[in-house]
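*Asks:* Got a structure for you, questions after.
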Amino acid sequence: MGKTADLTVVQKTTIDTLHKEDKTQKVIAKEAGCSQSSVSKHINREAKGRKRCGRKKCTSNRDNRTLERIVKQNPFKNVGEIYKEWTAAGVSASRTTTHRRMQDMGFSCCIPCVKPLLNNRQHQERLAWAKDKNSKVMFSDESKFCISFGNQGPRVWRKRGAAQNPRCLRSGVKFPQSVMVWGAMSSAGVAPLCFLRSKVNAAVYQDVLEHFMLPAADQLYGDADFIFQQDLAPAHSAKATST
Numbered sequence: 001m002g003k004t005a006d007l008t009v010v011q012k013t014t015i016d017t018l019h020k021e022d023k024t025q026k027v028i029a030k031e032a033g034c035s036q037s038s039v040s041k042h043i044n045r046e047a048k049g050r051k052r053c054g055r056k057k058c059t060s061n062r063d064n065r066t067l068e069r070i071v072k073q074n075p076f077k078n079v080g081e082i083y084k085e086w087t088a089a090g091v092s093a094s095r096t097t098t099h100r101r102m103q104d105m106g107f108s109c110c111i112p113c114v115k116p117l118l119n120n121r122q123h124q125e126r127l128a129w130a131k132d133k134n135s136k137v138m139f140s141d142e143s144k145f146c147i148s149f150g151n152q153g154p155r156v157w158r159k160r161g162a163a164q165n166p167r168c169l170r171s172g173v174k175f176p177q178s179v180m181v182w183g184a185m186s187s188a189g190v191a192p193l194c195f196l197r198s199k200v201n202a203a204v205y206q207d208v209l210e211h212f213m214l215p216a217a218d219q220l221y222g223d224a225d226f227i228f229q230q231d232l233a234p235a236h237s238a239k240a241t242s243t
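Numbering-wise (full-length UniProt numbering), the sequence shown opens with residue 1 and increments by one.
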């Protein structure tokens with residue numbers, strides 16, 4: 001038996017006790033029922049201390065709870081502001097540690113979603129309207145899609161000082177190829193997509209309504225009433241379109 005991991009708890013306790021009594025390793029091995037090599041390895045290992053995984057964290061659980069409370073109180077603060085408030089509370093930590101602890105808690109920096117500012121009465125009115133008429137609404141909009149390959153911000157692995165290396169550059173043009181697409185959807189289904197080749201003005205939008213929206217509405221709703229929902233783009237709100 002030459003490995004300390006093979007020693008039982010009783011054997012380890014016996015070795016530690018007899019070693020404190022200044023017994024020789026030969027006597028300890030006989031009393032513990034193991035080899036002298038195992039006794040030597042166990043004693044040396046206890047003297048040096050066990051190897052630990054990494055450095056001990058510089059913040060306690062209480063410090064981390066304080067940081068989480070600061071973030072939740074005002075999640076719109078940047079890391080620098082949160083760091084200053086955290087250290088002002090008596091915590092000794094760097095800005096990098098602050099950012100790392102926030103990531104460990106599950107926080108990540110994101111673009112906030114935007115919602116209309118409504119009071120309780122408006123919330124109740126909109127909820128009642130949605131329950132009553134939401135199934136009758138056909139939502140429509142048009143959007144511009146870039147069809148150039150890799151237009152979503154590709155990444156490149158490069159070393160410091162290689163930013164202008166031809167192998168690390170991406171070719172681009174000022175006005176990449178794109179297409180305008182109109183679409184509509186409702187609880188009854190979706191309308192066919194319309195791909196527009198020109199800029200959307202009142203005449204183009206009226207043509208879309210005539211050849212795409214109205215046929216889709218007839219197919220989805222038949223003779224039933226429906227509500228056509230659109231935004232207030234100039235082509236949508238033009239007098240020629242509304243009449």
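The C-beta atom is built at its ideal place from N, Cα and C for all residues, glycine as well.
Exposed or buried, what is R55 when buried is set at 16 or more other beta-carbons lying within 10 Å of its beta-carbon?
*Replies:* Per the 10 Å Cβ criterion, exposed.
*Asks:* Quick one: is L7 buried, meaning 16 or more other Cβ sit within 10 Å of its Cβ, or exposed?
*Replies:* Result: buried.
*Asks:* Would you kindly work out how many angstroms separate the C-alpha atoms of K174 and R100, rounded to a whole number?
*Replies:* If I take the Cα positions, the gap works out to 38 Å.
*Asks:* Could you tell me which residues DSSP puts in a beta bridge with E21?
*Replies:* E21 is not bridged to any residue.
*Asks:* Which runs of the alpha helix (DSSP H) spanning at least 4 residues fall entirely within the segment 49-92, listed in chain order?
*Replies:* You should have 61-73 and 79-88.
*Asks:* Classify L169 as helix, strand or coil using the three-state DSSP reduction.
*Replies:* Coil.
*Asks:* Report the option in N78, A240, T98 and K136 whose CA atom is closest to the CA atom of I111.
*Replies:* Ranking the options by Cα distance to I111, first place goes to N78.
*Asks:* Cutting at 7 Å between CB atoms, please list the residues of its own chain near Y205, excluding the five before and the five after it.
*Replies:* Closer than 7 Å at Cβ, skipping near neighbours: A235, H236 and T241.
*Asks:* Within 10 Å of its beta-carbon, does T98 have 16 or more other beta-carbons around it, so buried, or fewer, so exposed?
*Replies:* Buried.
*Asks:* Return the chain-ordered ranges of every beta strand (DSSP E) run that is complete within the segment 158-214 and spans a minimum of 3 residues.
*Replies:* For the segment 158-214, whole beta strand (DSSP E) runs of length 3 or above, ordered along the chain, are 178-186 and 194-196.
*Asks:* Around the Cβ of H211, are there at least 16 other Cβ atoms within 10 angstroms (buried) or fewer (exposed)?
*Replies:* With fewer than 16 other Cβ atoms within 10 Å, it is exposed.
*Asks:* Give me, in chain order, the residues of the same chain whose beta-carbon lies closer than 6 Å to that of D223; leave out the 5 immediate sequence neighbours on both sides.
*Replies:* The answer is none, since no qualifying residue turns up.
*Asks:* Under 8 Å, with one C-beta from each stretch per pair, do the segment 123-141 and the segment 181-198 reach the 3-pair mark?
*Replies:* Flag = yes, the segment 123-141 and the segment 181-198 touch.
*Asks:* Pop quiz: E142 and V181 are said to be a contact at Cβ under 8 Å. What is the actual Cβ separation, rounded to whole angstroms?
*Replies:* That belief holds up - the Cβ atoms of E142 and V181 are roughly 6 Å apart, short of 8 Å.
*Asks:* Can you tell me whether DSSP reads Q229 as helix, strand or coil?
*Replies:* Of the three classes helix, strand and coil, the one that applies to Q229 here is strand, per DSSP.
*Asks:* In whole angstroms, what separates the C-alpha of W157 from that of C168?
*Replies:* Approximately 8 Å between the Cα atoms of the pair.
*Asks:* Buried or exposed: C34, going by 16 or more other Cβ atoms within 10 Å of its Cβ?
*Replies:* C34 is buried by the Cβ-count criterion.
*Asks:* Using three-state DSSP, classify K144 as helix, strand or coil.
*Replies:* In the structure shown, K144 sits in a strand (DSSP, three-state: E or B).
*Asks:* For P192, tell me which candidate among D63, A217 and R170 has the shortest Cα-Cα distance.
*Replies:* Of the listed residues, the one whose Cα sits closest to P192 is A217.
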